[in-house]
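Reviewing the structure listed below.
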Amino acid sequence: MEVKFLDYTLRVGGEAGQGLQTIGGALAKIFSRKGYHVFTHQDYMSRIRGGHNYYQIRFSDRQVMASKEAVDILLALDRNTIEIHKNSVKDGGFILYDSESIKKKFEGPQFIDIPFRKIALDIGKNSVMANTVATGAVLGLLDLGLDVLNGILRMTFEEKGEEITEKNIACAEAGYNYAHSNCTRCEAFGIPEPESRKLLLIDGVRAIGMGALMSGCMFYSAYPMSPSTGILNYLASRAEEYGLVIEQAEDEISAVNMAIGASFAGVRSMTGTSGGGFSLMEEGLSLAGMTETPLVVAEMQRPGPATGLPTRTEQGDLLFVLHAGHGEFPRVIFEPGTPEQAFYLTNKAFELAEKYQIPVFILSDQYLGESEWTFENFDLKRLIYNDYRIREKDLEGAEGYKRYRYTDTGISPLAIPGEAGKHIVVADSDEHDEEGHIIEDAETRIKMVQKRLLKKLPQIKKEIETPLLYGDSSPEIVLVGHGSTYGVMKEIVDIYSKDRKIAMMHFSQIYPFPELDRFDYIKLFKNANLVISIENNASGQFAKLMRTETGFEFTHQILKYDGRPFTIENLKEEIDAFL
1138 MEVKFLDYTL RVGGEAGQGL QTIGGALAKI FSRKGYHVFT HQDYMSRIRG
1188 GHNYYQIRFS DRQVMASKEA VDILLALDRN TIEIHKNSVK DGGFILYDSE
1238 SIKKKFEGPQ FIDIPFRKIA LDIGKNSVMA NTVATGAVLG LLDLGLDVLN
1288 GILRMTFEEK GEEITEKNIA CAEAGYNYAH SNCTRCEAFG IPEPESRKLL
1338 LIDGVRAIGM GALMSGCMFY SAYPMSPSTG ILNYLASRAE EYGLVIEQAE
1388 DEISAVNMAI GASFAGVRSM TGTSGGGFSL MEEGLSLAGM TETPLVVAEM
1438 QRPGPATGLP TRTEQGDLLF VLHAGHGEFP RVIFEPGTPE QAFYLTNKAF
1488 ELAEKYQIPV FILSDQYLGE SEWTFENFDL KRLIYNDYRI REKDLEGAEG
1538 YKRYRYTDTG ISPLAIPGEA GKHIVVADSD EHDEEGHIIE DAETRIKMVQ
1588 KRLLKKLPQI KKEIETPLLY GDSSPEIVLV GHGSTYGVMK EIVDIYSKDR
1638 KIAMMHFSQI YPFPELDRFD YIKLFKNANL VISIENNASG QFAKLMRTET
1688 GFEFTHQILK YDGRPFTIEN LKEEIDAFL
């Protein structure tokens, strides 16, 4: 007998400025605190007011990690939302709206007309509370109770006083009761209470910020640029508590150089941006490469070129980040597929940056950065922290200190200026000798390139984990992806695995490329009947990297480059075309 899982999708649509994030964020918290697994994603225009936007929430009694096209409930805050999304509502689904506010009455069994604004004026004496009414109405439709929402309202409006808090609670209750009493088909939902459990609700940017915080990051500089700004906001909110120094720089050139300077001065440092901002950071990146200064960079992708689509998503910067900066020097690129991976890979980024004195990238995108997922917990025992900096006590008895001393590993001693006792710490962006002084001779140049790049790279490669194989161990069909395609590929594998031998191969540690001697994934590809590369870009950048590094060439690719992420339905439709 097939086990049926609870799985519902709610879409809140309207114009920017109508409070979509407030409603969607509150509902996501409520569902997760009730014990449901949650996945959210947002689709919004790059404007402060107007345009069409929506906030989508999928909740289930099992883990969910991708969005669906079809929705069970559409909460429409304007008429445009109904016109655009009414055909996405499932048979038996509901459309909640306020006919008075949108100046139109819709007929049909799926429409539930709720006077959000009138209730807000009657009960709360303020039309702003219409969103609270709408949130309560959704919960009334689902018969989920108001206890969690009331707690959120009390916390949200605590500083505004008891009167405002109680009016919002009353508005939520009025919306709840109106929807519950005016929905004759609500029993069709039949939503059971999930098992009691505590779930962490977190998005990608906060996971990266938490990972940095738990890895000992003490300095973060950035110029605000969507979608990386959330990292800056999160760390700024924790700065006083943890003693962080946060700098909102005047531009990205300043941001990267501040981070390099702070790292040189002895603290773990990080910067973040998107593609346009990273274009300005390239000279600084090469500076970190030449001076062998540890640096962590979060590059959160959005569609380009130029300003592109500032609030949309794409995986278009992989080869840019890989080849950015002039000259040859080692780097590491991680591309997490979940907020959990983002948390741990940020920690590993700091470890490798400090250990090998190199720049390490956390490459992600708007979709993963702003999507919320639920997790049971993060295992803090998995976190790594090693202090590779040397201080005065480590140099006792030493005749001299050479910042760029030749070693068998290529890793030179990294002292902190001002904490090296009688020794002077010298660094130079020109080619230099072991002590850090400028040189011009060929022999020293050769030795330094070998030290910086050729000796370090083989060791760095050993640190890169092999890709994740999920599904059949001897698959006939293999879906291959990187970064934020993880969730949708995993759910697609679960769908097909009922009657096909299918698996996904997900790469989250992108460069250096995972070595084949530990897991020969190329052999697995060659033994399969169908191997499909799945990417959110137009040119198949990861497929090109795969061919360059391994010689394997994908004959089938699914490429999406409209600024939107894959949903379960549209990816399945694309795969079906190959079967």
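Numbering (the working numbering), first residue to last: 1138 to 1716.
Ideal Cβ positions, reconstructed from N, Cα and C, are used throughout, including at glycine.
These numbers were taken from a predicted model, which means no experiment stands behind them.
### Three-state secondary structure assigned by DSSP to residue 1292
As a first step, residue 1292 is located in the sequence shown; it is residue number 155 there, counting from the start. Reduced to three states, the DSSP call for residue 1292 is helix.
### Message
Let's test the definition: count the other Cβ atoms within 10 Å of the Cβ of residue 1610 and tell me whether it reaches 16, buried, or not, exposed.
### Response
In the sequence shown, residue 1610 corresponds to position 473, counting from 1. Residue 1610 is exposed by the Cβ-count criterion.
### Task
Give every residue of the same chain whose Cβ lies closer than 8 Å to the Cβ of residue 1428, excluding the five residues on either side of it in the sequence, and list them in chain order.
What you label residue 1428 is simply residue 291 of the sequence shown in a count that begins at 1. 1397, 1401, 1564, 1565, 1566.
### Segment contact, 8 Å Cβ cut-off, at least three pairs: the segment 1540-1558 with the segment 1576-1583
Output reads no: the segment 1576-1583 does not touch the segment 1540-1558.
#### Entry: Extent of the continuous beta strand (DSSP E) to which residue 1475 belongs
Indexing the sequence shown from 1 puts residue 1475 at position 338. From DSSP, residue 1475 is part of no beta strand (DSSP E); its letter is neither H nor E.
### Task
Assign residue 1227 to one of three DSSP states: helix, strand, or coil.
The sequence position of residue 1227 within the sequence shown is 90, counting from 1. Here residue 1227 carries a strand assignment [DSSP, helix/strand/coil].
### Query
Closest to residue 1337 by CA distance: which of 1151, 1165, 1700, 1706 is it?
By one-based count along the sequence shown, residue 1337 stands at place 200. Across the set 1151, 1165, 1700, 1706, the C-alpha of 1165 shows the shortest separation from the C-alpha of residue 1337.
### Query
Along the chain, which unbroken stretches of the beta strand (DSSP E) at least 3 residues long are found entirely within the segment 1402-1445?
Within the segment 1402-1445, the complete beta strand (DSSP E) runs of at least 3 residues are 1405-1410, 1432-1438.
### Query
In its own chain, which residues sit with a C-beta less than 6 Å from the C-beta of residue 1173, not counting the 5 before and 5 after it?
Translated into the one-based positions of the sequence shown, residue 1173 becomes position 36. Correct list, in chain order: 1196, 1331.
### Message
Taking 6 Å as the limit between beta carbons, can you name the residues of its chain near residue 1357, skipping five residues before and five after?
### Response
Here residue 1357 refers to the residue found at position 220 when the sequence shown is read from its first residue. 1372, 1383, 1407, listed in sequence order.
### Message
Between which two residues does the beta strand (DSSP E) holding residue 1179 run?
### Response
Here the question's residue 1179 lines up with position 42 in the sequence shown. Boundaries of the beta strand (DSSP E) around residue 1179: 1174-1180.
### Query
Should residue 1692 go down as buried or exposed, given a rule of 16 or more other Cβ atoms within 10 Å for buried?
As a working mapping, residue 1692 is identified with position 555 in the sequence shown. With fewer than 16 other Cβ atoms within 10 Å, it is exposed.
### Task
Under 8 Å by Cβ, that's how I've got residue 1482 and residue 1438 pegged, so tell me the actual separation to the nearest angstrom.
Indexing the sequence shown from 1 puts residue 1482 at position 345. Indexing the sequence shown from 1 puts residue 1438 at position 301. 15 Å between Cβ atoms; not a contact.
### Message
Give me, in chain order, the residues of the same chain whose beta-carbon lies closer than 7 Å to that of residue 1640; leave out the 5 immediate sequence neighbours on both sides.
### Response
Mapped onto the sequence shown, residue 1640 falls at position 503. Within the same chain, Cβ atoms closer than 7 Å to the Cβ of residue 1640 are found at 1606, 1607, 1608, 1609, 1612, 1615, 1630, the five residues on either side in sequence being excluded.
### Inside the segment 1640-1674 only - alpha helix (DSSP H) runs reaching at least 4 residues
Every unbroken stretch of the alpha helix (DSSP H) spanning 4 or more residues and falling wholly within the segment 1640-1674 is given here in chain order: 1658-1664.
### Query
Ends of the alpha helix (DSSP H) at residue 1158?
For the purposes of this step, residue 1158 is taken as the residue at position 21 of the sequence shown. For residue 1158, the enclosing alpha helix (DSSP H) starts and ends at 1157-1171.
### Message
Taking the straight line between their C-alpha atoms, what separation do you get for residue 1343 and residue 1514?
### Response
The sequence position of residue 1343 within the sequence shown is 206, counting from 1. The sequence position of residue 1514 within the sequence shown is 377, counting from 1. Straight-line Cα distance between these residues: approximately 14 Å.
### Nearest-angstrom Cα separation, counted from residue 1334 out to residue 1409
Your numbering for residue 1409 matches position 272 in the sequence shown. Your numbering for residue 1334 matches position 197 in the sequence shown. So the alpha carbons of these two residues sit roughly 34 Å apart.
### Residue range of the beta strand (DSSP E) that includes residue 1383
In the sequence shown, residue 1383 corresponds to position 246, counting from 1. For residue 1383, the enclosing beta strand (DSSP E) starts and ends at 1382-1385.
### Query
Whose C-beta lies closer than 6 Å to the C-beta of residue 1138 among residues of the same chain, with five residues either side of it excluded?
Walking along the sequence shown from the start, residue 1138 turns up at place 1. At residue 1138, the pLDDT of 38 sits below 50, so the modelled position is not reliable; the number obtained from the coordinates is stated separately. Result list for residue 1138: empty, nothing under 6 Å.
### Buried or exposed (CB count within 10 angstroms, at least 16 for buried), residue 1468
If you number the sequence shown from 1, residue 1468 lands on position 331. Classification for residue 1468: buried.
### Message
Cutting at 6 Å between CB atoms, please list the residues of its own chain near residue 1701, excluding the five before and the five after it.
### Response
The sequence position of residue 1701 within the sequence shown is 564, counting from 1. Nothing listed; no residue qualifies.
### Query
DSSP on residue 1511, reduced to helix/strand/coil?
The sequence position of residue 1511 within the sequence shown is 374, counting from 1. Correct three-state label for residue 1511: strand.
### Query
Who are the near neighbours of residue 1557 in its chain, counting only those whose CB is closer than 8 Å to its CB and skipping five residues on each side?
In the sequence shown, the residue the question calls residue 1557 occupies position 420. Only 1527, 1528, 1529, 1532, 1538 meet the Cβ criterion.
### Query
Hey, residue 1435 and residue 1289: beta-carbon distance below 8 Å or not?
As a working mapping, residue 1435 is identified with position 298 in the sequence shown. As a working mapping, residue 1289 is identified with position 152 in the sequence shown. No. Outside cutoff.
### Query
With a CB to CB cut of under 6 Å and the five nearest residues on each side skipped, what residues in its chain are close to residue 1536?
Stepping through the sequence shown from its first residue, residue 1536 is reached at position 399. Contacts found: none.
### Query
Taking DSSP as the reference, what is the three-state secondary structure of residue 1078?
Outside the displayed span of the chain (1138 to 1716) sits residue 1078, for which this structure offers no information.
### Query
So which of 1447, 1393, 1187, 1376 has the shortest CA-CA distance to residue 1364?
The sequence position of residue 1364 within the sequence shown is 227, counting from 1. That would be 1447, whose Cα lies nearest to the Cα of residue 1364.
### Query
According to the neighbour-count rule (16 or more other Cβ atoms, all chains shown, within 10 Å of its Cβ), is residue 1463 buried or exposed?
If you number the sequence shown from 1, residue 1463 lands on position 326. If you draw a 10 Å sphere on the C-beta of residue 1463, you find fewer than 16 other C-beta atoms in it, and that means exposed.
#### Entry: Residues near residue 1698 by beta carbon distance below 8 Å, same chain, minus five either side
Along the sequence shown, one-based indexing puts residue 1698 at 561. Around residue 1698: 1440, 1451, 1453, 1673, 1674, 1675.
### Query
Beta-carbon separation of residue 1471 and residue 1485 under 8 Å?
The residue you call residue 1471 lines up with position 334 of the sequence shown. The residue you call residue 1485 lines up with position 348 of the sequence shown. Between residue 1471 and residue 1485, the C-beta spacing is below 8 Å.
### Residue environment, residue 1178, which counts as buried when at least 16 other CB atoms sit within 10 Å
Taking the sequence shown and counting its residues from 1, one reaches residue 1178 at position 41. The residue in question, residue 1178, is buried, as its Cβ has 16 or more Cβ neighbours within 10 Å.
### Message
Quick check: the segment 1199-1214 against the segment 1616-1629, are at least 3 beta-carbon pairs closer than 8 Å?
### Response
Yes, the segment 1616-1629 is in contact with the segment 1199-1214.
### Task
Verify whether the separation of the beta carbon atoms of residue 1260 and residue 1316 is less than 8 Å.
For the purposes of this step, residue 1260 is taken as the residue at position 123 of the sequence shown. For the purposes of this step, residue 1316 is taken as the residue at position 179 of the sequence shown. With respect to residue 1316, residue 1260 sits apart: the two C-beta atoms are not nearer than 8 Å.
### Query
What's the gap between the Cα of residue 1495 and the Cα of residue 1457?
Walking along the sequence shown from the start, residue 1495 turns up at place 358. Walking along the sequence shown from the start, residue 1457 turns up at place 320. The C-alpha of residue 1495 lies about 17 Å from the C-alpha of residue 1457.
### Message
Need the endpoints of the beta strand (DSSP E) that residue 1320 sits in, please.
### Response
Here residue 1320 is taken as the residue at index 183 of the sequence shown, counted from 1. Residue 1320 -> no beta strand (DSSP E), and no H or E assigned at all.
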